[in-house]
Amino acid sequence: MATETLVPFDEVLERYDPALGLEVHVELNTNTKMFCGCPATFGGEPNSQVCPTCLGLPGSMPVVNGKAVESAIRIGLALNCSIAEWCRFARKNYFYPDMPKNFQISQYDEPIAFDGYMDVDVDGETFRVGIERAHMEEDTGKSTHVGGTTGRIHGADYSLVDYNRAGIPLIEIVTKPITGAGEKAPAVARAYVSQLRDLIVALGVSEARMDQGNLRADVNLSLAPRGSDVLGTRTETKNVNSFRSVERAVRYEMQRHAGVLDAGGKILQETRHWHEDTGITTSGREKSDAEDYRYFPEPDLVPVAPSREWVEELRGTLPENPTEKRTRLQAEWGFSDLEMRDTVGAGALGLVEETVALDTAPQAARKWWLGELARRANDEGVDLVDLSVTPADVAAVQQLVADGQINDKLARQVFDGLFAGEGTPAEIVTARGLAIVSDEGALSAAVDVAIAANPDVADKIREGKVAAAGALIGAVMKEMKGQADAARVRELILEKLS
Amino acid sequence: MSGGTDTTASWLAGELAAGNLTSVEITQRHLDRIAEIDGRVHAFLHVDTEGALEQAAASDARRAEGKPLSALDGVPIAVKDVLTTQGLPTTCGSKILEGWVPPYDATVVARLRAGGLPILGKTNMDEFAMGSSTEHSAYGPTRNPWDLDRIPGGSGGGSAAAVAAYEAPLAIGTDTGGSIRQPAAVTGTIGVKPTYGGVSRYGLVSLANSLDQAGPVTRTVLDAALLHELIGGYDAKDSTSIDEPLPDLVAATEQGAAGDLTGVRIGVITELAGDGWQAGVMSRFQESVELLVKAGAEVVEVSCPSFVHALATYYLILPAEASSNLARFDAMRYGLRVLPEGVSSPSAEDVMRATREVGFGDEVKRRIILGTYALSSGYYDAYYGQAQKVRTLITRDFAAAFERADVLVSPTAPTTAFKLGEKLDDPLAMYLNDLATIPANLSGVPGISVPSGLADEDGLPAGVQILAPALADDRVYRVGAALEAALIDQWGGPLLDKASGLEGVA
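Residue numbers (the numbering used here), protein chains in the order written: chain R, 1 to 498; chain X, 1001 to 1506.
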């Protein structure tokens, strides 16, 4: 593989304007599949949730899942789209072993929802992302390529296909070209996917977990010479499966494109694979095959014609507009603009909201998610939402702090225990012996030891320099391995030295 | 001569009800007949002797308890090999599906079972129903019981020949461009293509989804009506199925058989006659029209100018849909798998290519190529898109014609049965056989083919096609039954009595 020349990010922007396009696939959480009655649940023994229709057996026929149409319309409405009065499914024809019929039932030039937008908050500014369309389709089976080094079909010894996923309803949401984002292009991409996820969660139409593939993003990127309004040749980076990776992939492709273009080369219109571990993309299927999907209307299905009454009824079920919701939450939580911006930017809005809903003080919820937990997510290179710690865990930890059973420092050890899978926060406190010592005798003895060991400090306090008490508190806490009630220690010191 | 199988399904149903015959006796007679002559006719690809007899015994047991499942409970039937049958092989006449045993029943088959009809076996057909002669079956052609050197029509030649040769009293066919009606015409039997959506397509292995329709293949119009009522009606598994009750087809048949067509307007389609139409076929057609007039019908000439484009339209829409439908036959999950020669570790694509090369016949490949081309980017509008527009015009022609006539009539096929091999190397000549039947499929209207007599030139059967507006299937039964009654009266018995191809067969 040829080594790519990457242009430093700042230099890219001196010479080029990036144009983004995002395609996000949302796996719906309907009970049954898109076109048959098989369960659409995640997991299950391979090939246990299949029937003639989702296996594409000869003679089988699809029947549209009405609940999936409803979800598609609600997503479309939430994205400010128009809803088609009449639209059809179409066949997308191509051969692949995990495609049971060797065509996918999708929508082509008649999507159920089209021409909308989503307002995305990036660093406190609102950026309007145009939505081209949202359409319904069925998922493919899932291939596992065994043997070989790449995990891809080429070079594999054999491949296994699980058709449980075949026919799961998907909504594909396609943005219009996003231009004018400049240096913020990677952040806009990330914010769009992150806030789209929040919207999907609020709609309740999908589990929307990127790490489980409920939400999958394809990132299209092209560069145009700075100041020109012509779109360059794009690449499509497939299956970028975390918010963080979306940002990194955009950044990487911008730097790579610039390298190719600076050298006088041409960008190949192609699919690229994202490598999470190395943070680079590599060439995938070349589109030079001039992929021709030979779309035509699916003749086994009748058109979908949602009545205006139904559409309006569904509009009434939409969750709060995300922009208004952010304004409301900021006021309710008493966050400063900066605190709110950081919360949104970290993709923590929904997590904080869920934590607050469990009777946690908003500032405490923010502190944990944006502090300790953001640090751990960053260390592990995952998104906050993909951490194993849940809002319920955070609420429970904060409750222990509020009750005075542990302090913030000990709480970090409780999180260690949670990540290690040691049980609930309360169980971890017990098992690790983390409870704060408030036994007067033990504390008093430790204070006496500290005073005796630091006579100079003790004198200062006797002279009225109360601020010096901090040094003695530190000594006591060290003696007590951090498990002392700091407020009580301070009281004892001041009592003894008054 | 036919071992007591030269009866009708309705007569057999009566004997069963009266306790004069058992289903086991009837089924055994047909199995015997198949054993006796099918080596020469080759109507069947698979005969389920054991299963049919078991089902017959179960039918007799129900009958003994006074609980028959339907009017036809116990009357055996043959099913075209394009409908899935749980536990019975389904090949669609193709090598690529050799050995495949479906895990589920087509809705039509499920309704036959629910009605208590023992299934004798699966009948031969052109590969994936592509053809008008059954010569494109990968398992060898079916022969016409009237003359074993001639074709039985197609694609459902197996079902028509089985019924014409008294191997089965009833059969199921499928009609995409005439595959029920044209074989009926050239074998002297009855074939009905119901209104599109009138009979479920679930489990019918698709040739062209927007054209395919399953229907009855029988020796009398009444038998067809009985069978149609059993298999027809709404099915939630087929989104294109019509959610409305069927008209009363048996009543319409009885009304027609009484012989009075006063007030019925018959439209003769101008475009379906002329050069290339066999004289004897035209003579029998004209006599049939005269008989209808004699029964009280009024005749008008109607013009359907777009019909001249029907064949070209059909040969764009059908291959387009078929090319996509047939993509699933890729050796990955079922059916034939061929490993390419000289490739040490073939890829999935290599296996797909090798399997499709060996597994599909020439006609199938021809249509896959045509369809793939017609759907290709840059050609779609000119071919598939344009064909859909012409389809709309044809539907408008029908609508205009049905303003002036209650039913439309034409000869079912331009000629009588041709010789095996005669048109095999000339696809266009083969396609022309479906000239008269295709328009009905393009606009979804129902049609029946009724024998009109023997052509003077060759003494072979010809057929009359009667078409009605969508959902008015009862009209084709009424007029069909009236014509059948008048002709049988004239002939002094059923036309099939004159079939000579199997004379002397022991």
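Just so you know, even glycine gets a beta-carbon here, dropped at the ideal spot from N, CA and C.
Which residues does DSSP pair with residue i in a beta bridge?
i: Val1407(X); result: Ile1266(X)
i: Trp274(R); result: Thr281(R)
i: Gly1463(X); result: Pro1451(X)
i: Val174(R); result: Glu23(R), Arg133(R)
i: Val1199(X); result: Gly1232(X)
i: Met480(R); result: BP columns for Met480(R) are empty, so no partner.
i: Ser82(R); result: Phe114(R)
i: Lys92(R); result: Gln104(R)
i: Cys87(R); result: Val304(R)
i: Asn1144(X); result: Asp1147(X)
Please state whether the Cβ-Cβ distance between residue i and residue j is less than 8 angstroms.
i: Asn1124(X); j: Ser1206(X); result: no
i: Ile112(R); j: Ala72(R); result: yes
i: Val193(R); j: Ala217(R); result: yes
i: Ser1132(X); j: Met1352(X); result: no
i: Tyr108(R); j: Tyr295(R); result: yes
i: Gly1188(X); j: Ile1180(X); result: no
i: Gly1276(X); j: Pro1414(X); result: yes
i: Leu215(R); j: Arg197(R); result: yes
i: Pro1145(X); j: Gly1501(X); result: yes
i: Glu1507(X); j: Ile1034(X); result: The first residue shown for chain X is 1001 and the last is 1506, placing residue 1507(X) beyond what the model contains.
i: Val205(R); j: Asn378(R); result: no
i: Thr1437(X); j: Gly1178(X); result: yes
Just curious, the alpha helix (DSSP H) that residue i is in, first and last residue?
i: Ile493(R); result: 486-496
i: Thr1107(X); result: 1107-1114
i: His1030(X); result: 1023-1041
i: Arg462(R); result: 455-462
i: Gly232(R); result: Note, Gly232(R): premise wrong, no alpha helix (DSSP H); not H, not E.
i: Asp393(R); result: 391-402
i: Thr1512(X); result: Any property of residue 1512(X) remains undetermined from this structure, which presents chain X solely from 1001 to 1506.
i: Gly1051(X); result: 1049-1064
i: Ala156(R); result: First-last for Ala156(R): undefined, no H or E at that position.
i: Leu77(R); result: 66-78
i: Gly1371(X); result: 1362-1375
Check the Cβ of residue i against every Cβ in chain X and list those closer than 8 angstroms, keeping chain order.
i: Gly148(R); result: By Cβ distance, chain X contributes nothing, its closest Cβ being about 11 angstroms from Gly148(R), past 8 angstroms.
i: Met136(R); result: Near Met136(R) there are no residues of chain X at all, since even the closest Cβ is about 14 angstroms away, more than 8 angstroms.
Give me the chain R residues within the contact set of residue i, using Cβ-Cβ distance strictly less than 9 angstroms, ordered along the chain.
i: Lys1122(X); result: The contacting residues do not exist; Lys1122(X) stays about 13 angstroms from chain R at best.
i: Ala1348(X); result: Phe95, Tyr96, Pro97, Ile153, Ser159
i: Lys1294(X); result: Ordered by position in chain R, no residue passes the 9 angstroms Cβ test against Lys1294(X), which lies about 43 angstroms from the chain.
Which stretch, first to last residue, makes up the beta strand (DSSP E) that contains residue i?
i: Glu236(R); result: 235-240
i: Pro322(R); result: Per DSSP, Pro322(R) belongs to no beta strand (DSSP E); it is in the alpha helix (DSSP H), 322-333.
i: Tyr16(R); result: 16-27
i: Ala1078(X); result: 1077-1080
i: Thr144(R); result: 142-146
i: Thr1174(X); result: 1170-1174
i: Gln104(R); result: 103-106
i: Ala217(R); result: 215-225
i: Lys1193(X); result: 1190-1193
i: Val1300(X); result: 1298-1302
Cβ closer than 7 angstroms: which chain R residues qualify as neighbours of residue i?
i: Glu1524(X); result: The first residue shown for chain X is 1001 and the last is 1506, placing residue 1524(X) beyond what the model contains.
i: Ala1138(X); result: Near Ala1138(X) there are no residues of chain R at all, since even the closest Cβ is about 15 angstroms away, more than 7 angstroms.
Is residue i a contact residue of the ligand COA, with contact defined as CB to any heavy atom under 7 angstroms?
i: Ala377(R); result: Ligands displayed in this structure: none; no statement on the ligand COA is therefore possible.
Identify the contact partners of residue i in chain R, using a Cβ-Cβ distance below 8 angstroms as the criterion.
i: Thr1372(X); result: Arg294
Since residue i meets chain X, which of its residues come closer than 9 angstroms, beta carbon to beta carbon?
i: Met34(R); result: The contacting residues do not exist; Met34(R) stays about 13 angstroms from chain X at best.
i: Lys101(R); result: Ser1324, Asn1325, Ala1327, Arg1328
Cβ closer than 7 angstroms: which chain X residues qualify as neighbours of residue i?
i: Arg91(R); result: Ser1324
Next item on the list: Would you check if the region 1458-1470 of chain X and the region 1431-1446 of chain X touch, i.e. whether three or more CB-CB distances between them fall below 8 angstroms?
Entry: yes
Note to self: Assess contact between the region 363-370 of chain R and the region 383-400 of chain R, defined as three or more Cβ pairs (one per stretch) separated by less than 8 angstroms. Is contact present?
What the structure shows: yes
Next item on the list: Take every Cβ of the region 1491-1505 of chain X, pair it with every Cβ of the region 1263-1274 of chain X, and state whether three or more of those distances are shorter than 8 angstroms.
Entry: no
Next item on the list: Kindly confirm or deny that the region 13-30 of chain R and the region 168-179 of chain R touch, where touching means at least three C-beta pairs closer than 8 angstroms.
Entry: yes
Note to self: Count Cβ pairs between the region 1296-1309 of chain X and the region 1254-1266 of chain X that sit closer than 8 angstroms; are there 3 or more?
What the structure shows: yes
Margin query: Closer than 8 angstroms is the cut-off here; do at least three beta carbon pairs connect the region 304-314 of chain R with the region 79-93 of chain R?
Written below: yes
Notebook entry, point to check: Okay, do the region 418-436 of chain R and the region 448-463 of chain R touch, 3+ Cβ pairs below 8 angstroms being the bar?
Noted result: no
Next item on the list: For the region 1310-1330 of chain X and the region 1197-1214 of chain X, state whether three or more C-beta atom pairs, one from each stretch, are separated by less than 8 angstroms.
Entry: yes
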